[in-house]
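Colleague: For reference, the structure I am asking about is given below.
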Amino acid sequence: MNAQRSNRLAPDVNRVLFVRNLPFKITTEEMYEVFGKYGAIRQIRVGNAADTRGTAFVVYEDIFDAKSACEHLQGFNILGRYLIVLYYQQNKVTKKMNLKMKEDEIKQMKERYGVDD
1 MNAQRSNRLA PDVNRVLFVR NLPFKITTEE MYEVFGKYGA IRQIRVGNAA
51 DTRGTAFVVY EDIFDAKSAC EHLQGFNILG RYLIVLYYQQ NKVTKKMNLK
101 MKEDEIKQMK ERYGVDD
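Read in order, the letters of the sequence shown are residues 1 to 117 in UniProt numbering.
Structure representation (C-alpha cells):
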C-alpha cells in the first residue's frame with residue numbers, strides 16, 4: 001500500500017478545491033495547466049459573473065491529488081496575484097441557505113398567526 005494513502009486526512013479535505021484571488025483574465029485552459037500538474041482533474045469551473053470573477057472550483061479525481069494541489073498552490077503567484085486555495089465545504093454554504101429559509105419561514109408564521117416581535 002502506498003505510504004501516502006495510509007495517512008489520515010483532516011475532515012475538511014475533499015476532492016473539490018475552491019480557489020480565490022485569481023486573475024480575472026485567466027482561462028480554463030490555463031487553470032488546467034497549473035492545477036493539472038498535481039493529478040487528474042474531473043472538472044474546472046471558472047467564475048465569470050460579476051460576483052464570481054476571480055474564483056474557481058477545481059474537482060480532482062483523487063482526494064490525495066487535491067490535497068497535494070492545495071498544499072503546493074496556496075499562495076502561488078499567477079500574474080501578480082497570490083492564490084487562496086481552500087477545500088470546498090458544502091455544509092457551510094447550505095447552512096447559510098437553510099438559516100435564511102428558516103428565518104423566512106418564521107416570518108411567514110408570525111404574519112399568519114399575528115405575532116409581533
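Glycine included, C-beta positions come from ideal geometry on N, C-alpha and C.
Treat the numbers as computed from the prediction; the structure is a model and nothing was measured.
Please state the DSSP three-state secondary structure of Phe-76.
Modeller: Phe-76 falls in the coil class under three-state DSSP.
Colleague: If Ile-78 sits next to Leu-22, beta carbons under 8 Å apart, how far is it from one beta carbon to the other, in whole angstroms?
Modeller: That belief holds up - the Cβ atoms of Ile-78 and Leu-22 are roughly 7 Å apart, short of 8 Å.
Colleague: In angstroms with no decimal places, state the Cα-to-Cα distance between Ser-6 and Glu-61.
Modeller: Confidence at Ser-6 is low in this model, with a pLDDT of 49, below 50, so its placement is unreliable and the value that follows should be read with caution. Answer to the nearest angstrom: the Cα atoms are 18 Å apart.
Colleague: Identify whether Phe-18 lies in helix, strand or coil by the three-state DSSP scheme.
Modeller: Here Phe-18 sits in strand by DSSP.
Colleague: Could you check how far apart the C-beta atoms of Phe-35 and Ala-69 are, in whole angstroms? I think they sit under 8 Å.
Modeller: With a Cβ gap of about 6 Å, Phe-35 and Ala-69 count as contacting.
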